[in-house]
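Under my numbering, the first residue of the sequence shown is numbered 1, with each subsequent residue one higher.
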Amino acid sequence: MAIFSPNLENIQRLKVRPTNGELYFLKYLERALDDSFEIYFNPFLDGDRPDIIVLKEGVGAFVIEIKDWDLVHYSIDAKNVWHVDDGKGNSAIVKSPMAQAFGYKKNLYDLHLPVLGLAEIGNPNFFNVVHCFVYVHCSSDQSLKSRYDSALKEATQELNSQNINYQQSAKSQVEFERYEKSRLYWEGKKRALSRDQRITFTIESIDRLVEKISKERPHNLFDSRIYHDFARRLQATEHTKKQGRLPRLDSNQKKLADSLNSYSKIKGVAGCGKTTILALRVINALKRHDGQILVLTFNITLRNLILDKISDFQGFRNNPRIEVTNYHQFYNSQANNAGIDMGDHIEKYSFDRAYDIDIFGDIDGLPKYQTIVLDEVQDYCSDWVKIVRDNFLAENPEMVLFGDYSQNIYGREIGRASVVARGFGKWNKLTRNYRASASSPLNQFFKDFQQEFLLSKYQDAEIIEVPDQQLGLDLEQGQIQYFKIHEGYPAKAFEIIDSFVRKYNVNPNDVVVLGTRISDLRSLSELYSSHEKVSCMYETFEDIGAGLKFVKAFENFGLCNKCKANNFSGMENTAILKSLCPKCLEDFLKDEDLNVEKIRRRKKTHFYMNGGLIKFSTTHSFKGLEAKVAFYILGHDDLPELVYTSITRSVEHLVVIDFCANNSFEAFFREKTTGVFLS
1 MAIFSPNLEN
11 IQRLKVRPTN
21 GELYFLKYLE
31 RALDDSFEIY
41 FNPFLDGDRP
51 DIIVLKEGVG
61 AFVIEIKDWD
71 LVHYSIDAKN
81 VWHVDDGKGN
91 SAIVKSPMAQ
101 AFGYKKNLYD
111 LHLPVLGLAE
121 IGNPNFFNVV
131 HCFVYVHCSS
141 DQSLKSRYDS
151 ALKEATQELN
161 SQNINYQQSA
171 KSQVEFERYE
181 KSRLYWEGKK
191 RALSRDQRIT
201 FTIESIDRLV
211 EKISKERPHN
221 LFDSRIYHDF
231 ARRLQATEHT
241 KKQGRLPRLD
251 SNQKKLADSL
261 NSYSKIKGVA
271 GCGKTTILAL
281 RVINALKRHD
291 GQILVLTFNI
301 TLRNLILDKI
311 SDFQGFRNNP
321 RIEVTNYHQF
331 YNSQANNAGI
341 DMGDHIEKYS
351 FDRAYDIDIF
361 GDIDGLPKYQ
371 TIVLDEVQDY
381 CSDWVKIVRD
391 NFLAENPEMV
401 LFGDYSQNIY
411 GREIGRASVV
421 ARGFGKWNKL
431 TRNYRASASS
441 PLNQFFKDFQ
451 QEFLLSKYQD
461 AEIIEVPDQQ
471 LGLDLEQGQI
481 QYFKIHEGYP
491 AKAFEIIDSF
501 VRKYNVNPND
511 VVVLGTRISD
521 LRSLSELYSS
531 HEKVSCMYET
541 FEDIGAGLKF
551 VKAFENFGLC
561 NKCKANNFSG
571 MENTAILKSL
581 CPKCLEDFLK
591 DEDLNVEKIR
601 RRKKTHFYMN
611 GGLIKFSTTH
621 SFKGLEAKVA
631 FYILGHDDLP
641 ELVYTSITRS
651 VEHLVVIDFC
661 ANNSFEAFFR
671 EKTTGVFLS
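Given below as structure tokens:
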């Protein structure tokens, strides 16, 4: 039986369900192919989502495009262009499924698989290890044949017409060149039509298509290196595996997911399921009162995660009764609705204090919410909670606070927790980390870090509970690693990350690289992007360069002597930025005209976890999110709260990369990790 990724049960509960044709074809493959074949359904390949890719090590890859089309509505012309009839006598051009399949194949070489793409440049025969097929589910062989016969007949007539015209001409050099160009064009169209007909099958000939796949001869160029690069990129992401699967909650979590007319507060360790409980509580609140619901976060990047969680559980994304945003954006929007100029307001109070001021007390017509949920309350100022509660709650309301004071990465005052959450009753506590599995050594690792670096500072913080079955557990090699780099950053960091990802065949979508300084991350992500496409939650050189309407007069900027020696004449903006030393670059990026903060904010707002790429992010922007594999670039000035928040983003594997001369965490990481590597 063929191996599926994701498995068939998983495929049938995806939010975007497989079509009848896709499901029929998958089940046919399940019966017809043995376990030497791997079937990948709708894999993430950056922006590409091919229907099915079949792999067999030592043989090749098969890209299969599936259409649930009845060809009675379609026609093909002599130029191999497809047309569809809307039933009202109107015809529109549609992209042919063969063109789609070949487009996916081309992008495998040009964009998605650098190992394959580079190999093909040196040896064109590598292009033959990927095969394309099309399956049209709702049509017959005769219907398919009649359309290609008609197109081939028309193309042949065009070619014959060109031959006759040339034979009757004066046969000048100009006419010969025109004839030769036309002849080659129509012969090419005939070959393309014949090729596309050969690779296209219907439900009547599905057995012949599967036989072509099963009996494809071995290809010595599709070696283990190429195969593993394919498998790494194609395998189902953790997000895909979890789609449509309702979470299993313990009794405490179920209780806290219930919606009640009350003020309450919930705190818990990293990975305890706070976001899941929040999403379920929102849905239960909507069922209970069918009123308006407001969810406020501090971290703007959590907005899309919360919306995704809610949509996973309710089956659709945009519900007009549920508003999810961050505190500052909500404040801005309500001020704008009330006709208050935020520019004047900030100028009056300063940016640091502007959002602490209640400007809504005397305003009529403010929206009222039956349920308000505040996430990451440890990052809030007490005035913010009061502003929201006093102005935007409806009668008989529900208001819930969620927090974790071990993740106090913004350095709020330690004694302020009781002030922020005053009037919300006692804390409901969650101490189990469900992000990592119950048997994972990560639980004990996180608990040890809390006890050594955070417990004395946050005596009221919750400590991660370690299941009994984990006590005395031997650590799996590679699950928690620590690298000390003495020189050669970022090149050595890239080698560590790239070799780990390839060794464990990790899908890029399941990887995050975290750090606290954008400059450290940017130098690494720039290097990584030269080998593989990446997603950055901060401004890249290309983002900044694209925003410049002219090359700035760098010579008047006050550059260091080394940067002054550069000749910027004729250089593009991006190249100039890359040529600056780290200090001059960071000083330059503070220039307000560059709109760096605006770029950064938009990158966060439009960030999605499941874009199919390896992610580079600051710890601040990734707080509340998680990844199967987390690489943490330990910064020179990282505080324990930042370190704890960074390491607890990991679900299965954690790799700490330390290039600091010295820090207070090195002894801990050397003692507690499963592998210590000096570089």
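From the three backbone atoms N, C-alpha and C, an ideal C-beta is built for every residue, glycine too. If you're wondering where the values come from, they're calculated on a predicted model, not measured in any experiment.
Three or more Cβ pairs drawn from the stretch 610 to 620 and the stretch 498 to 510 lie within less than 8 Å of each other, which places the two stretches in contact.
CA-to-CA, the gap between H486 and H636 works out to about 13 Å. In the DSSP assignment, N391 falls within the unbroken alpha helix (DSSP H) covering S382 to F392. If you look at G343, you'll find it in the alpha helix (DSSP H) that goes M342 to Y349. Considered as a whole, the stretch 466 to 546 harbours 491 to 503 and 518 to 529 as its complete alpha helix (DSSP H) runs of no fewer than 4 residues, in chain order.
Nearest in C-alpha terms to C560, of all of K583, T237, D358 and I544, is K583. Collapsing the DSSP output to three states places I164 in a helix. In this structure, the beta-carbon distance from A101 to V136 does not fall below 8 Å. Its Cα nearest to that of K56, the residue R217 stands out among D68, L116, K190 and R217. Checking the DSSP bridge columns, you'll see T325 partnered with L296. DSSP places N252 in the helix class (H, G or I) of the three-state scheme. In this model, K79 and D149 are separated by some 13 Å (Cα to Cα). The beta carbons of H112 and L45 sit closer together than 8 Å. Spatial neighbours of M98 in its own chain (CB-CB distance under 6 Å, excluding positions within 5 residues in sequence) are listed in chain order as V134 and D196. T202 sits close to L144, with the two beta carbons spaced by under 8 Å.
The alpha carbon of P124 has as its nearest neighbour, out of E154, L221 and R49, the alpha carbon of L221. With respect to R435, A279 sits apart: the two C-beta atoms are not nearer than 8 Å.
Residue range E38 to F41 is occupied by the beta strand (DSSP E) that includes E38, with no alpha helix (DSSP H) assigned at that position.
According to DSSP, S617 shares a beta bridge with L514. Taking the Cα of I39 as reference, the smallest distance to any Cα among D48, R13, S5 and E9 is reached at S5. Secondary-structure assignment with DSSP links H653 through a beta bridge to V629.
If you look at A61, you'll find it in the beta strand (DSSP E) that goes G60 to K67. Of the candidates Q292, D375, R432 and N391, N391 places its Cα closest to the Cα of D362. Going by beta carbons, L634 and V656 fall inside the 8 Å limit. With a cutoff of 8 Å on beta-carbon distance, A667 and R649 are scored as not near each other.
Taking 8 Å as the cut-off, the beta carbon of D70 is found closer than this to the beta carbon of C138. In the displayed model, N396 falls within a strand according to three-state DSSP. Between the alpha carbons of F402 and G425 lies a gap of roughly 13 Å. In the same chain as A394, and ignoring 5 residues on each side of it, the C-beta atoms closer than 7 Å to its own belong to G291, K368, Y369 and Q370, in chain order. From the listed residues S96, W82 and D48, the smallest Cα separation to N107 is found for D48. As DSSP reads the structure, R432 sits in a beta bridge with E465. Closest by C-alpha distance to D141, out of L430, A285 and L209, is L209.
Judged by DSSP in its simplified three-state form, K287 adopts helix. Taking C-beta separations shorter than 6 Å and ignoring five residues to either side along the sequence, the partners of G273 in its chain run Q253 and Y434, following chain order. In this structure, the alpha-carbon of K241 lies about 22 Å from that of R303. Three or more Cβ pairs drawn from the stretch 490 to 501 and the stretch 515 to 525 lie within less than 8 Å of each other, which places the two stretches in contact.
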